[in-house]
Ligand SMILES: [Zn+2]
Ligand SMILES: [Zn+2]
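Numbering (our numbering), first residue to last: -11 to 245.
Below is the structure:
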C-alpha cells in the first residue's frame, strides 16, 4: 500500500503547500482522502503522476474548509462522509469554518454516501463513521460553534481504517474526535487489535496534558509507524519526533506501508 501526500501545511522543494490536508491512498481500492483548501491537491497529484479519475471513491474526514474546499474542483465521484459534514459552522472568534456548499448542492455534484455507522468500502477498508468519544482526556474542548451558537464538537470527524497483514492502518484528517478514540474505534469495528500505522492530523498543541496522555496511549498501542502532520502544532510535532521519530508530511511524499 502507498499513501501519497497531495497537500499538507509544510512545503517541499518541488511541491507547494497550503493549510490543509489531502492524501491519495493506493491499496485494494484507490481512495482520495480529503481535498485541501484549493485545487493544489490536483496540481500535486498531476506532478506525482496520479490520475484522480482512477480513484474508486472519495472520503471527506469532516466538514472543515481546510479538508473540503478542494471539493469545488471535482465532481461526479462517489463521496463518503458523515451526514453532519455539511452543517454551517464557525470558529468562536466568528470566522466561517465549514464547507463552501450545502448538502443539497453536494447531492447534485457527487454520488453521496452519508454514514454515521462504519461503512465498508471493501472487505478491508473501512470509513469509520461517527467516532465514540470514550477517553476522558480527548475532545473535551472545542473552538467551534454551530449556526445557532451552540458548541460544535465536530461529531462528523471520522477516519479510515485499513486491515493489512501487518495490522491496522489508521488514517485521520484532523482527529477532532481524538486520535486515541479513533484508534480504539478502528480496533472495535475491524476486530483487529494489532495497529501497524497511525497517520494524519492529530490536532494537538504540544506541551500540555492532552499531548502527553496521547503519546502515552500511542506508546502502549506500540504501532510500527506513527506519523502526524497538518493540524498538529510545532511543539507537538517536536514531541512526536522525539518519541516516535515522526517527521511532518510534505506534499509529494510517498509513504510505503
Ligand atoms: Zn478540522
Ligand atoms: Zn484541518
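Backbone N, C-alpha and C define an ideal beta-carbon position, used for all residues, glycine too. For clarity, every value in this text was computed on a predicted model and none was experimentally measured.
Are residue i and residue j close, meaning C-beta to C-beta below 8 angstroms?
i, j, result
"residue 189", "residue 219", "yes"
"residue 149", "residue 158", "yes"
"residue 166", "residue 127", "yes"
"residue 16", "residue 113", "yes"
"residue 109", "residue -9", "no"
"residue 64", "residue 24", "no"
"residue 198", "residue 221", "no"
"residue 61", "residue 133", "no"
"residue 223", "residue 194", "yes"
"residue 94", "residue 144", "no"
"residue 170", "residue 119", "yes"
"residue 232", "residue 214", "yes"
"residue 67", "residue 99", "yes"
"residue 245", "residue -11", "yes"
Report the CB separation of residue i from residue j in whole angstroms; it is logged as a contact under 8 angstroms.
i, j, result
"residue 161", "residue 9", "6 angstroms"
"residue 75", "residue 56", "12 angstroms between Cβ atoms; not a contact."
"residue 86", "residue 104", "That pair is no contact at about 18 angstroms."
"residue 212", "residue 185", "6 angstroms"
"residue 3", "residue 32", "5 angstroms"
"residue 69", "residue 36", "Actually they do not touch by this definition, with Cβ atoms about 24 angstroms apart."
"residue 130", "residue 139", "6 angstroms"
"residue 243", "residue 206", "That belief does not hold up - the Cβ atoms of residue 243 and residue 206 are roughly 17 angstroms apart, past 8 angstroms."
Helix or strand or just coil, what does DSSP make of residue i?
i, result
"residue 59", "helix"
"residue 46", "strand"
"residue 78", "strand"
"residue 36", "coil"
"residue 188", "strand"
"residue 69", "strand"
"residue 175", "helix"
"residue 109", "coil"
"residue 93", "helix"
"residue 247", "There is simply no residue 247 to check, as the chain begins at -11 and stops at 245 in what is shown."
"residue 226", "helix"
"residue 142", "coil"
"residue 232", "helix"
"residue 29", "helix"
"residue 3", "coil"
Count the other CB atoms, across all protein chains shown, that sit within 10 Å of the CB of residue i; report buried if there are 16 or more and exposed otherwise.
i, result
"residue -1", "exposed"
"residue 121", "buried"
"residue 239", "buried"
"residue 29", "buried"
"residue 226", "exposed"
"residue 183", "buried"
"residue 34", "exposed"
"residue 230", "exposed"
"residue 209", "buried"
"residue 107", "buried"
"residue 202", "buried"
"residue 196", "exposed"
"residue 135", "exposed"
message: Which residues neighbour ligand 2 when neighbourhood means a C-beta less than 5 angstroms away from any of its non-hydrogen atoms? List them by chain order.
response: Qualifying residues come out as 54, 162 and 219.
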